[in-house]
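S.K.: Once you've had a glance at the structure underneath, I'll fire off some questions.
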Amino acid sequence: MSGAAKRKPVFDLILIGGLLLLALVCYLLFAGSKSDGNVAVVCINGVETERYPLYQNGRYPLNGGSNILIIENGVAWLEDADCPDKLCVRQGKVHLDGQVITCLPNKLTVTIRADNSEVELIS
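Numbering (numbering that gives the first Met the number 0), first residue to last: 0 to 122.
Laid out in structure tokens, this is it:
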């Protein structure tokens, strides 16, 4: 009989529970560290084309009108798209630094950034 076969199931459950607890703690640490973004950066085919401030409400046609970006109350989302699956529309609202909405058929991304114009010094 091998060593793994001799282990008790209780120890396996303790190990799984410990790993789940560790994963939860890591998630809470990283999710809590996300800051609100203040600009939506639009890239088409990997090239930045526009930047829209999240504090300014508006409705913006993107990529020749193939996608419609809505910014309202510091949150951005794609309201409509001419792609067949409309997964980009179903991705929902974004506002945290680093969040991305992607429309693969139209080669479009909208990335939320905390665009700090101040220079940070690290000492």
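All residues carry an ideal CB built from backbone N, CA and C; glycine is no exception.
Please classify residue 17: is it buried, with 16 or more other beta-carbons within 10 angstroms of its beta-carbon, or exposed?
M.R.: Residue 17 sits at position 18 when you count from the first residue of the sequence shown. The residue is exposed, with fewer than 16 neighbouring Cβ atoms inside 10 Å.
S.K.: What number of angstroms, rounded off, separates the C-alpha of residue 75 from the C-alpha of residue 14?
M.R.: As a working mapping, residue 75 is identified with position 76 in the sequence shown. As a working mapping, residue 14 is identified with position 15 in the sequence shown. Approximately 41 Å between the Cα atoms of the pair.
S.K.: May I have the straight-line CA-CA distance separating residue 24 from residue 65, to the nearest angstrom?
M.R.: Here residue 24 refers to the residue found at position 25 of the sequence shown. Here residue 65 refers to the residue found at position 66 of the sequence shown. Their backbone Cα atoms lie some 41 Å apart in a straight line.
S.K.: My parser needs the beta strand (DSSP E) runs of 3 or more residues fully inside the segment 84–119; what are they?
M.R.: Complete beta strand (DSSP E) runs here, min 3: 99–102, 107–112.
S.K.: Please report how far the alpha carbon of residue 95 lies from the alpha carbon of residue 109, in whole angstroms.
M.R.: Working through the sequence shown from its first residue, we reach residue 95 at position 96. Working through the sequence shown from its first residue, we reach residue 109 at position 110. In a straight line, the C-alpha of residue 95 is about 12 Å away from that of residue 109.
S.K.: Under 9 Å, do residue 111 and residue 38 count as touching if we go by C-beta distance?
M.R.: As a position in the sequence shown, residue 111 is number 112, starting the count at 1. As a position in the sequence shown, residue 38 is number 39, starting the count at 1. Yes.
S.K.: What does the Cβ neighbour count give for residue 20, buried or exposed, with the cut at 16 atoms within 10 Å?
M.R.: The residue labelled residue 20 in the question sits at position 21 within the sequence shown. Counting Cβ neighbours within 10 Å, residue 20 comes out exposed, since fewer than 16 surround it.
S.K.: Can you grab the Cα-Cα spacing for the pair residue 59 / residue 67, in whole Å?
M.R.: The count along the sequence shown starts at 1 and reaches residue 59 at position 60. The count along the sequence shown starts at 1 and reaches residue 67 at position 68. Cα-Cα distance, rounded: 6 Å.
S.K.: Taking 7 Å as the limit between beta carbons, can you name the residues of its chain near residue 121, skipping five residues before and five after?
M.R.: Here residue 121 corresponds to residue number 122 of the sequence shown, with the count starting at 1. With a pLDDT of 46 at residue 121, under the threshold of 50, the predicted position of this residue should be treated as unreliable, though the coordinate-derived value follows. No residues qualify anywhere along the chain.
S.K.: DSSP three-state label for residue 35, please.
M.R.: Looking up residue 35 in the sequence shown gives position 36. Three-state result, residue 35: strand.
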